[in-house]
Amino acid sequence: NAGVTQTPKFQVLKTGQSMTLQCAQDMNHNSMYWYRQDPGMGLRLIYYSASEGTTDKGEVPNGYNVSRLNKREFSLRLESAAPSQTSVYFCASQTGNQPQHFGDGTRLSIL
Amino acid sequence: GQQLNQSPQSMFIQEGEDVSMNCTSSSIFNTWLWYKQDPGEGPVLLIALYKAGELTSNGRLTAQFGITRKDSFLNISASIPSDVGIYFCAGSFNNNDMRFGAGTRLTVKP
């Protein structure tokens, strides 16, 4: 099925470990986004990529890095995980003025 | 940053009842969106609004883009058990700066 695919679906890390969350879309969308979702809060934008080769900070970028590997793939990296980064992470993609389409999320726990 | 206030936080209703939820913002938006999220899944778009005053329906769902561009509401008529979930409003001034409300958790009792 067409859409946004995120891997892994679940992950547990120890404080200080590093990890890369993967996201791929097959809708030929230009823009891709990474959000985090915490209890009682709306989604908050971490980083986005308006087009292949460009990335920009969102609302809460500290502690994260991203790579727009090609038009399809946009990865999120935690270099040294902290308990405050325990969250559900969503990737989304979009083209033109159309609404964003979301993946099913990665549930990340940091002990 | 821009703040979105979504209310109510939660609703417990009987099957067949109508539901209304809304979002207000301290800033104006060019686009208002309403998403639904089921457990373990990502948000799914319900309705998109692109013009102040716009009223749009999608089956039993109706949403409006407020005239001031600072608010939007979503109505669900004749609720059914599968309407259960978390509903999020989202507003954006440009494509790359979308802000979300904290969500309305809807429970429908059969």
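Chains V and F are the protein sequences, given in the same order.
This note's numbering puts the first sequence at residues 1 to 111.
This note's numbering puts the second sequence at residues 1001 to 1110.
Cβ atoms here follow ideal geometry from the backbone N, Cα and C, with glycine treated the same way.
Any C-beta of chain V under 8 Å from that of residue i
i               : result
E1041 (chain F) : yes
G1103 (chain F) : yes
A1063 (chain F) : no
I1096 (chain F) : In the sequence on display, residue 1096 (chain F) carries Asn and not Ile. Closer than 8 Å to some Cβ of chain V, the Cβ of N1096 (chain F) qualifies, so yes.
A1048 (chain F) : yes
F1093 (chain F) : no
Nonlocal neighbours in the same chain, by C-beta distance under 8 Å from residue i, ignoring five residues either side
i               : result
N70 (chain V)   : E52
Q1064 (chain F) : L1049, G1053, E1054, L1055, T1056, S1072 and F1073
T86 (chain V)   : L108, S109 and I110
P83 (chain V)   : T15, I110 and L111
T1107 (chain F) : S1010, M1011, F1012, I1013 and V1084
Cβ neighbours of residue i in the same chain (closer than 6 Å, five flanking residues each side left out)
i               : result
M32 (chain V)   : S49, F74 and S93
R77 (chain V)   : T20 and N65
T7 (chain V)    : Q22
I1086 (chain F) : Q1037, G1103 and R1105
Beta strand (DSSP E) segment containing residue i, residue limits
i               : result
S87 (chain V)   : S87 to Q94
T1104 (chain F) : T1104 to K1109
K14 (chain V)   : No beta strand (DSSP E) contains K14 (chain V), which DSSP labels as neither H nor E.
F74 (chain V)   : F74 to L78
Q37 (chain V)   : S31 to Q37
M1011 (chain F) : S1010 to Q1014
M19 (chain V)   : M19 to Q25
Y48 (chain V)   : R44 to S49
L69 (chain V)   : Note, L69 (chain V): premise wrong, no beta strand (DSSP E); not H, not E.
L1004 (chain F) : L1004 to S1007
Neighbourhood of residue i by C-beta distance below 7 Å, restricted to the same chain and skipping five residues each side
i               : result
P61 (chain V)   : I46 and Y47
A24 (chain V)   : T5, R72 and E73
F1029 (chain F) : R1069, G1091, S1092 and F1093
L1045 (chain F) : L1033 and Y1035
G1040 (chain F) : none
G63 (chain V)   : L78, A82 and Q85
P1008 (chain F) : M1021 and T1104
Any chain F beta carbon closer than 8 Å to residue i
i              : result
M43 (chain V)  : In the sequence as presented, Met is not what sits at residue 43 (chain V); that position holds Leu. By this cut-off, L43 (chain V) is an interface position.
D104 (chain V) : yes
P99 (chain V)  : yes
S146 (chain V) : Residue 146 (chain V) is absent from the model: chain V starts at 1 and stops at 111.
G40 (chain V)  : yes
Closer than 7 Å: residue i CB and nearest the ligand ATP heavy atom
i               : result
K1109 (chain F) : Absent from the structure shown: the ligand ATP. Ligands present: none.
Can you confirm whether the region 104 to 111 of chain V touches the region 3 to 20 of chain V when touching is taken to mean that 3 or more C-beta pairs between the two stretches lie within less than 8 Å? With a cut-off of 8 Å, the region 104 to 111 of chain V and the region 3 to 20 of chain V count as touching, because enough Cβ pairs lie within range.
Do the region 1045 to 1058 of chain F and the region 1012 to 1023 of chain F make contact, defined as three or more Cβ pairs closer than 8 Å? No: the two stretches stay apart, fewer than three of their Cβ pairs being nearer than 8 Å.
Counting only runs of 3+ residues fully inside the region 1022 to 1087 of chain F, write out the beta strand (DSSP E) ranges in chain order. As far as the region 1022 to 1087 of chain F is concerned, its whole beta strand (DSSP E) runs of at least 3 residues are 1031 to 1037, 1044 to 1049, 1055 to 1058, 1061 to 1065 and 1071 to 1076.
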